[in-house]
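If you read the sequences in order, they're chains A and B. Everything in the first sequence is counted per the working numbering, starting at 1 for the first residue and increasing by one. Everything in the second sequence is counted per the working numbering, starting at 328 for the first residue and increasing by one. Think of the CB as a built atom: it goes at the ideal place given N, C-alpha and C, for glycine as much as any other residue. Inspection log for the structure reproduced underneath, given as structure tokens.
There are 2 protein chains.
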Amino acid sequence: VISTNAGGINVLRYGNTRNLVLGLEVVLADGEVWDGLRALRKDNAGYDLKQLFIGAEGTLGIVTRAVLRLVPRPRSSVSVLVAVPDPVTATRLLRRAQGDFSETLTSFELLEAPCVTMTLDHLGGGDTMVPGVSPWYVLIEVSGPADQASCENTVQRFLEAAFPDEVSDARLAISPAQADALWTMRESIPDAHNRAGFSVKHDISVPVSRVAEFLRQADAALHSAYPQVQSFTFGHLGDGNLHYNPLIKLDGHDPIDTRREVNRIVHDIVFSLGGSVSAEHGVGQVRLGDVERYRSAVELRLMRRVKEALDPEYLMNPGKILHEEAS
Amino acid sequence: VISTNAGGINVLRYGNTRNLVLGLEVVLADGEVWDGLRALRKDNAGYDLKQLFIGAEGTLGIVTRAVLRLVPRPRSSVSVLVAVPDPVTATRLLRRAQGDFSETLTSFELLEAPCVTMTLDHLGGGDTMVPGVSPWYVLIEVSGPADQASCENTVQRFLEAAFPDEVSDARLAISPAQADALWTMRESIPDAHNRAGFSVKHDISVPVSRVAEFLRQADAALHSAYPQVQSFTFGHLGDGNLHYNPLIKLDGHDPIDTRREVNRIVHDIVFSLGGSVSAEHGVGQVRLGDVERYRSAVELRLMRRVKEALDPEYLMNPGKILHEEAS
């Protein structure tokens, strides 16, 4: 979790894992153990060494212990599945939600219709939770210190104010069981997707204001190259992080070549919009070539300097994030 | 602001500056410019290089541009000055406030009585804002997306529930002008303090749960060494960060020696409680010896490796954070 700076559906409220780490113990490449197990919210006594190891995928050292920041458990929680006409409107709805709920806006997930319908087919049932037929949905959670009735009222008022300009229909979960069912649907999307045929996965981010533009460009480019493509997009609109996972008919084409070609089309667009080719799942081996392609020469040099300062012999998790160079 | 990872009175809600930086442009020691001006909330495509430069006090490069995260302006805000008997009770009140207000708890400042009375004397007036005679006060701000009346009701209920166990008296600002006056008082404390005589300043942090213990130990140790010491403590209890700035009668003693001796007494206690000798103001030159004394050999070596990877000739802001070693 720490070595990948993991994200997920609640980053909007709580931040990435980096935001929750106060202290670390790390085994270094030379075998020494760094004890940085502080429990401080504020510490500016020199370089903040823990930042080096968070998200470094074990390439600078092995995290063996950690001190995490905790937050009070929310007293109330409301989930609602909302029908929206398109990603532009969904982004406008996000801005409204941020104004109304501030930090208590916990999740804001964008779901293309096939993600919802195919997942409910896969799970068997649950269609009653879907607010009408719509090309896009947004799954929202608001949680916080208010009592349950106040929290529900706030969400009701938000939905009324957004209807019909941004919201065409909505189903508010009226029990914890209904809320659980909505989030089970959300969490089962990757599973349903994996059964749906050959697809090419992406874990991209762009500035939130450019998500709709990214989708417009990527969908157009892919339809042009693969007329039978079926888009299948879901993800964390609140963070600008999408799992853009189109289903592609192979028609005898090589899956590895196809994956490479689709990745290239999508990632070139991401790059042109100032985005990242790995928002929350890291580089590993799979995205190594992308890092070399899309990060600048200055950045790659800086990354290598950091790597060689902490692990000059490339002993730690070799072959991840950076190739060992024969220099 | 970025190179010192600045803090202040709203860290409780918004985090340190590090938490608000999305992208940076930095001039490196070799004269190259790193363009890391991304505007992404999530990016795990390799090392998060911006973390290196935030809080590095310019010793690894010069920050020339930045992309910052913005948050919606709160719709409502309530400030209240609360009388509490002691720091233990103030810490209990903080926990209650975190439960009741969650992220909308914006500030939670602990003020020893002399900070309030001397500052109001200095400003001339404002005593009507003080809720009775008390050895300690807490200045709280709650702000968020609710309307002003709801926000005030929430704070009223919080105070009623905390009375009399944690709160002996309270003055809630009933107008923006009264709230401004409370915060002007808070912001004028350093000014009033500077006129009050010789003092030794600290910018320490300990885990929030150990703040009261720190004060007990530090006050006792200083009273033993300097029977005429007058304690003068204020700071960000919500972050465990105190400005522990006792007024000392010099009685002919050398101010530089006295400062060194008091720093040593206080910082040894901070260290024994797992704290930091620089919570929000950085190391600079003044705290350089403290960093060498209190950070472990492994840490100092790691810091030096990072420094030498990015600035092998010690060109950037020399003499800050780390001495240049004749190795």
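Beta bridge counterpart(s) of residue i as assigned by DSSP
{"i": "A170(A)", "result": "V82(A)"}
{"i": "L395(B)", "result": "V348(B)"}
{"i": "Y137(A)", "result": "A83(A) and L111(A)"}
{"i": "G36(A)", "result": "L24(A)"}
{"i": "L105(A)", "result": "V142(A)"}
{"i": "L247(A)", "result": "S199(A) and Q230(A)"}
{"i": "I54(A)", "result": "Its beta-bridge partners do not exist; DSSP assigns none."}
{"i": "I531(B)", "result": "L569(B)"}
{"i": "S276(A)", "result": "S205(A)"}
{"i": "S373(A)", "result": "With chain A running from 1 to 327 in the structure shown, residue 373(A) is simply not present."}
Check whether residue i and residue j have beta carbons under 8 Å apart
{"i": "M643(B)", "j": "G385(B)", "result": "yes"}
{"i": "P87(A)", "j": "L110(A)", "result": "yes"}
{"i": "V597(B)", "j": "F541(B)", "result": "yes"}
{"i": "M512(B)", "j": "L577(B)", "result": "no"}
{"i": "R368(B)", "j": "D239(A)", "result": "yes"}
{"i": "L93(A)", "j": "V130(A)", "result": "no"}
{"i": "S531(B)", "j": "A417(B)", "result": "The question names Ser, yet the displayed sequence has Ile at residue 531(B). Their beta carbons are not under 8 Å apart, which means I531(B) does not touch A417(B) by this criterion."}
{"i": "V348(B)", "j": "I389(B)", "result": "no"}
{"i": "S341(A)", "j": "L182(A)", "result": "Residue coverage of chain A in this structure runs from 1 to 327, which leaves residue 341(A) outside it and unanswerable."}
{"i": "H281(A)", "j": "T4(A)", "result": "yes"}
{"i": "P72(A)", "j": "G426(B)", "result": "yes"}
{"i": "A39(A)", "j": "G23(A)", "result": "yes"}
{"i": "L273(A)", "j": "R216(A)", "result": "no"}
{"i": "V155(A)", "j": "V167(A)", "result": "no"}
{"i": "A372(B)", "j": "V67(A)", "result": "no"}
{"i": "S175(A)", "j": "L139(A)", "result": "no"}
{"i": "V200(A)", "j": "N245(A)", "result": "yes"}
{"i": "D311(A)", "j": "L49(A)", "result": "no"}
{"i": "R402(B)", "j": "A473(B)", "result": "yes"}
{"i": "P85(A)", "j": "A113(A)", "result": "no"}
{"i": "L34(A)", "j": "E652(B)", "result": "Sequence check: residue 34(A) is Trp here, not Leu. No; because the gap between Cβ atoms is not below 8 Å, this pair is not in contact."}
{"i": "I265(A)", "j": "L222(A)", "result": "yes"}
Extent of the continuous beta strand (DSSP E) run through residue i
{"i": "N241(A)", "result": "N241 to Y244"}
{"i": "H236(A)", "result": "T233 to H236"}
Residue i burial status per 10 Å Cβ neighbour count (16 or more: buried)
{"i": "H529(B)", "result": "buried"}
{"i": "G579(B)", "result": "exposed"}
{"i": "R614(B)", "result": "buried"}
{"i": "I583(B)", "result": "exposed"}
{"i": "D518(B)", "result": "exposed"}
{"i": "S603(B)", "result": "buried"}
{"i": "D617(B)", "result": "buried"}
{"i": "T128(A)", "result": "exposed"}
{"i": "N194(A)", "result": "exposed"}
{"i": "S327(A)", "result": "In this predicted model, S327(A) has a pLDDT of only 47, less than 50, meaning its place in the structure is not dependable enough to derive any value."}
{"i": "N480(B)", "result": "exposed"}
{"i": "Q51(A)", "result": "buried"}
{"i": "I329(B)", "result": "buried"}
{"i": "P525(B)", "result": "The residue asked about is misnamed: residue 525(B) is Phe in this sequence, not Pro. Flag for F525(B) reads exposed."}
{"i": "A97(A)", "result": "buried"}
{"i": "I321(A)", "result": "buried"}
{"i": "L397(B)", "result": "exposed"}
{"i": "H563(B)", "result": "buried"}
{"i": "R293(A)", "result": "exposed"}
Range covered by the alpha helix (DSSP H) that runs through residue i
{"i": "I516(B)", "result": "P503 to N521"}
{"i": "G388(B)", "result": "Segment: none, G388(B) is in no alpha helix (DSSP H) and carries neither H nor E."}
{"i": "I592(B)", "result": "P582 to S599"}
{"i": "M630(B)", "result": "A624 to L637"}
{"i": "D617(B)", "result": "L615 to Y621"}
{"i": "F541(B)", "result": "V538 to A552"}
{"i": "V338(B)", "result": "V338 to Y341"}
Legend entry - Contact list for the stretch 89 to 101 of chain A against chain B, Cβ threshold 9 Å: R95, Q98, G99, D100 and F101
Legend entry - Proximal residues, the stretch 364 to 377 of chain B versus chain A, C-beta separation under 7 Å: R365, A366, L367, R368, K369, D370, N371, A372, G373, Y374, D375 and L376
Legend entry - chain A contacts from the stretch 556 to 588 of chain B (Cβ-Cβ distance under 7 Å): D566, G567 and N568
Inset, instruction - Select from the stretch 518 to 552 of chain B all residues with a C-beta closer than 7 Å to any C-beta belonging to chain A, and list them in chain order. - result: Answer set for the stretch 518 to 552 of chain B: S532 and P534.
Inset, instruction - Report the residues of the stretch 328 to 355 of chain B with a CB closer than 7 Å to any CB of chain A, ordered along the chain. - result: T331, N332, G334, V338, N343 and N346
Inset, instruction - Could you list the residues in the stretch 265 to 287 of chain A with a C-beta less than 8 Å from some C-beta on chain B, going in chain order? - result: G274, G275, S276, V277, S278, A279, E280, H281, G282, V283 and R287
Inset, instruction - Would you list, in chain order, the members of the stretch 305 to 327 of chain A that have their beta-carbon closer than 9 Å to a beta-carbon of chain B? - result: R305, V306, K307, E308, A309, L310, I321 and L322
Legend entry - Residues from the stretch 470 to 487 of chain B in contact with chain A, defined by Cβ distance under 7 Å: G471 and P472
Legend entry - Interfacial residues, the stretch 375 to 398 of chain B to chain A, with Cβ spacing under 7 Å: D375, L376, Q378, G382 and A383
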